[in-house]
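Take a look at the structure set out below.
Numbering (this note's numbering), first residue to last: 8 to 213.
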């Protein structure tokens with residue numbers, strides 16, 4: 008049986024603007040921005056507990072103001088495929104694999120979709136702003152397997168965050184820690200996903 012593929016999005020498939028563009032917009036380093044941001048605003052935004060207007064209003068702990076439209080444009084322009092990931096998804100989709108996004112992200116995933124059209128290759132099934140649960144909460148993984156009607160061992164989870172991979176493995180999923188598309192391709196090839204028949208043998212998908 009071929010596994011169902013669950014892909015993280017940010018820093019796995021799509022470049023994350025928080026790496027450079029967002030701090031640059033405010034003239035801060037990443038460390039400075041983290042120190043000055045309201046710490047719980049982003050998790051709330053990711054889980055759909057607050058809307059975009061409230062997120063912007065509460066972005067900084069000191070409630071300073073900034074140009075929201077300019078900020079959102081910087082974020083939009085920064086979104087791009089991580090090298091090699093689009094062609095890999097295209098190949099996997101072409102071979103008939105079922106692929107779902109499994110992402111901690113707010114409604115900005117719609118901006119990513121409008122720009123990059125990830126839906127050509129995957130379904131935006133598990134996005135935290137829609138599910139209300141963020142990784143690595145094990146409930147997010149359990150809910151995914153229940154919705155897919157798929158046993159955990161028949162899911163393959165790919166994420167750049169080790170704690171998220173650990174959580175997936177804790178419920179019986181196989182997980183791959185993403186560190187680049189070339190390495191991921193090698194791992195999938197060794198496991199037989201790309202060139203094999205997709206049958207699971209001895210704990211490995213072949």
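Backbone N, C-alpha and C fix where the C-beta goes; we use that ideal spot for every residue, glycine too.
Identify which residue in 111, 132, 131 has its Cα closest to the Cα of residue 141.
Stepping through the chain shown from its first residue, residue 141 is reached at position 134. The shortest C-alpha separation from residue 141 is found at 111.
Nearest by alpha-carbon distance to residue 33: which of 71, 17, 14, 95 is it?
For this step, residue 33 is matched to residue 26 along the chain shown. Checked all of 71, 17, 14, 95; the closest Cα to residue 33 is 71.
Is residue 68 closer than 8 Å to residue 39 when the C-beta atoms are compared?
Looking up residue 39 in the chain shown gives position 32. Looking up residue 68 in the chain shown gives position 61. Cβ atoms of residue 39 and residue 68: not closer than 8 Å.
Is the region 50-61 close to the region 96-114, with three or more CB pairs under 8 Å?
yes
Report yes if the C-beta distance between residue 89 and residue 186 is below 8 Å; otherwise report no.
Taking the chain shown and counting its residues from 1, the one referred to as residue 89 is at position 82. Taking the chain shown and counting its residues from 1, the one referred to as residue 186 is at position 179. No. Outside cutoff.
Any idea what DSSP makes of residue 99, helix, strand or coil?
Locating residue 99 in the chain shown gives position 92, where the first residue counts as 1. In the structure shown, residue 99 falls within a helical segment according to DSSP collapsed to helix, strand and coil.
Hey, how far is the Cα of residue 65 from the Cα of residue 122?
The count along the chain shown starts at 1 and reaches residue 65 at position 58. The count along the chain shown starts at 1 and reaches residue 122 at position 115. So the two alpha carbons sit approximately 27 Å from each other.
Is the beta carbon of residue 10 sitting closer than 8 Å to the one on residue 163?
If you number the chain shown from 1, residue 10 lands on position 3. If you number the chain shown from 1, residue 163 lands on position 156. Yes.
Is residue 82 closer than 8 Å to residue 131 when the C-beta atoms are compared?
One-based indexing of the chain shown puts residue 131 at position 124. One-based indexing of the chain shown puts residue 82 at position 75. No, they are not a contact pair.
Residues near residue 172 by beta carbon distance below 6 Å, same chain, minus five either side
Within the chain shown, the letter at position 165 stands for residue 172. Only 166, 182, 184 meet the Cβ criterion.
Taking residue 178 and residue 148 to be in contact with their CB atoms under 8 Å, please state how far apart those CB atoms are, rounded to whole angstroms.
The count along the chain shown starts at 1 and reaches residue 178 at position 171. The count along the chain shown starts at 1 and reaches residue 148 at position 141. At roughly 5 Å, the Cβ-Cβ gap stays under 8 Å, so residue 178 and residue 148 are in contact.
For the alpha helix (DSSP H) that residue 163 lies in, which residues bound it at each end?
In the chain shown, counting from the first residue as 1, residue 163 sits at position 156. Careful: residue 163 lies outside any alpha helix (DSSP H), inside the beta strand (DSSP E) at 162-166.
At which residues does the alpha helix (DSSP H) containing residue 13 begin and terminate?
Position 6 of the chain shown holds residue 13. That residue, residue 13, is in no alpha helix (DSSP H); its beta strand (DSSP E) goes 11-14.
Could you check how far apart the C-beta atoms of residue 30 and residue 37 are, in whole angstroms? I think they sit under 8 Å.
On the chain shown, position 23 is the one that residue 30 refers to. On the chain shown, position 30 is the one that residue 37 refers to. At roughly 5 Å, the Cβ-Cβ gap stays under 8 Å, so residue 30 and residue 37 are in contact.
Which stretch, first to last residue, makes up the beta strand (DSSP E) that contains residue 182?
Reading the chain shown from its first residue, position 175 is the one you call residue 182. Taken as a continuous stretch (DSSP letters only), the beta strand (DSSP E) holding residue 182 covers 181-184.
Can you tell me which of the three DSSP states residue 94 falls into?
As a first step, residue 94 must be located in the chain shown, where it is residue number 87. In the three-state scheme derived from DSSP, where H, G and I count as helix and E and B as strand, residue 94 is classed as helix.
Using a Cβ-Cβ cutoff of less than 6 Å, which residues in the same chain neighbour residue 152 once the five nearest sequence positions on both sides are dropped?
To locate residue 152, count along the chain shown from 1; it is residue 145. Within the same chain, residue 152 has close Cβ partners 159.
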